[in-house]
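Just below is one structure, and these are the notes that go with it.
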Amino acid sequence: MRYAIPLIIFLGLVVFLAIGLNRDPHEVPSPLINKAAPTFHLAQLHQPNKQFSTEEMRGKVWLLNVYASWCISCRDEHPYLLGLAKTGAVPIYGLNWKDKREDAISWLDELGNPYVLSVSDLDGRIAIDYGVYGAPETYVIDKNGVIRFKQIGPIIPEVLEKTILPLVRDLNK
Amino acid sequence: MRYIILSTILLAASGFVMAQTAVPPSEDVLDVRVRNLAQQLRCLVCQNETLADSQADLATDLKRQIREQMKAGKTDKEILAFLTDRYGDFVLYRPPVKRTTYLLWFGPFLLLGFGLFALFRYIKYRRETIHDEPLSAAERQRAGELLNPITEKEHA
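Protein chains in written order, with the working numbering: chain A, 1 to 173; chain B, 174 to 329.
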């Protein structure tokens, strides 16, 4: 009995620490989930004289993927995006974040271009509106322009199969 | 001598006045305001640094936006709302008091209460179980001998 109370306190502490250790502090939950995706009008990467607006995407389920040629994890993610684009399950639009236009274009030429189109967020203002704090980040946006899911960090096959694709299927119903 | 002291004081005073009027106040005031606010905010890239101290690219962008919004006449409160709308309460080093943070804010006082309760219980328990028993005359003499062996010898 004498040792029971310290033991219980200790075990309680262990549980708290175990939960704490298994959480990723870099995954900050976004307050934008289930809120309207911030609207923007930005110049397209490949045709800078043409604009793209989020308004055009009304009635469609789509992915907005934040990437940059200077971002190392984006390179890891890229093959999965190419694979996803090939299946045609969901259109992927790219938000090219604080990148040089030439760098981004040659990056896509080298690795392949999974995007329907990319827009250039040269000074990072739109990224701030979306609460981006590190690339890559991906948003699943529904037909009403509401953000339904945010992936922080690369889309790995597991997330794609278990979360994103079922969600897209659901939203397209 | 008097004139020298007087003129020195006047000169120093005029220098002080000039220094105060020479700098454009708005930019300076803005710098201080941005810094003060940025010190209450967490940099999301390097999470243990304030926005004010961080050199990360995103921190620079955010400070620029804070500055622009201040220039546009927004209050600190409006700017904090702008940031928490996008990044959540996590950007605030001082989390707001609300239902999900009650444990965070009041938990330590709860623990303090538990601690005080346990301490009082323990003191009470000791008082009740340990009783003072006065020494008998023989014990008192023996204690005296043990405590002052040298003086006892000198007397002998």
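In this text, a Cβ means the ideal position worked out from N, Cα and C, and glycines have one as well.
Whole-angstrom Cβ separation of residue i and residue j, contact assumed at under 8 Å?
i: A:LEU167; j: A:VAL140; result: 6 Å
i: A:TYR93; j: A:PRO136; result: Actually they are not in contact, since the Cβ atoms of A:TYR93 and A:PRO136 sit about 13 Å apart, beyond 8 Å.
i: A:TYR80; j: A:PRO31; result: At roughly 27 Å, the Cβ-Cβ gap does not stay under 8 Å, so A:TYR80 and A:PRO31 are not in contact.
Using three-state DSSP, classify residue i as helix, strand or coil.
i: A:ARG101; result: helix
i: B:MET191; result: With a pLDDT of only 49 at B:MET191, under 50, the local geometry of the prediction cannot be trusted, and the value read off the model is given with reservation. The answer is helix: DSSP assigns B:MET191 an H, G or I state.
i: A:THR87; result: helix
i: A:HIS70; result: Here the sequence assigns Trp to residue 70 of chain A, which means His is not the residue at that position. Three-state result, A:TRP70: coil.
i: A:TYR139; result: strand
i: A:ALA37; result: coil
i: A:ASN200; result: A query on residue 200 of chain A cannot be resolved here, the shown segment of chain A reaching from 1 to 173 and no further.
i: B:ILE303; result: coil
i: A:LYS150; result: strand
i: A:VAL106; result: A quick correction: the sequence has Ser, not Val, at residue 106 of chain A. The answer is helix: DSSP assigns A:SER106 an H, G or I state.
i: B:ASP258; result: helix
i: A:VAL119; result: strand
i: A:ILE156; result: coil
i: B:GLY286; result: helix
i: A:TYR133; result: coil
i: B:GLN314; result: helix
i: B:TYR295; result: helix
i: A:ALA43; result: strand
Do residue i and residue j have their CB atoms nearer than 8 Å?
i: A:GLN44; j: A:SER118; result: yes
i: A:ALA85; j: A:ASN96; result: no
i: B:PRO277; j: B:PRO269; result: The question names Pro, but residue 277 of chain B is Leu in the sequence shown. Their beta carbons are not under 8 Å apart, which means B:LEU277 does not touch B:PRO269 by this criterion.
i: A:ILE126; j: A:PHE40; result: yes
i: A:ASP99; j: A:SER69; result: yes
i: B:ARG208; j: B:ALA225; result: yes
i: A:ASP129; j: B:ARG259; result: yes
i: A:ASN172; j: A:VAL61; result: yes
i: B:MET243; j: B:LEU203; result: yes
i: A:ARG101; j: A:PRO48; result: yes
i: A:THR138; j: A:LEU64; result: yes
i: A:PRO6; j: A:GLU77; result: no
i: B:ASP249; j: B:LEU210; result: yes
For a minimum of 4 consecutive residues, which ranges assigned as the alpha helix (DSSP H) are wholly contained in the segment 196 to 238 of chain B?
Taking 4 residues as the minimum length, the alpha helix (DSSP H) runs contained wholly in the segment 196 to 238 of chain B are 198 to 211, in order along the chain.
Would you call the segment 120 to 128 of chain A in contact with the segment 145 to 153 of chain A, where contact means no fewer than 3 C-beta pairs closer than 8 Å?
no
Could you check whether the segment 209 to 217 of chain B touches the segment 250 to 266 of chain B, counting it as contact only if at least three pairs of C-beta atoms, one from each stretch, sit closer than 8 Å?
yes
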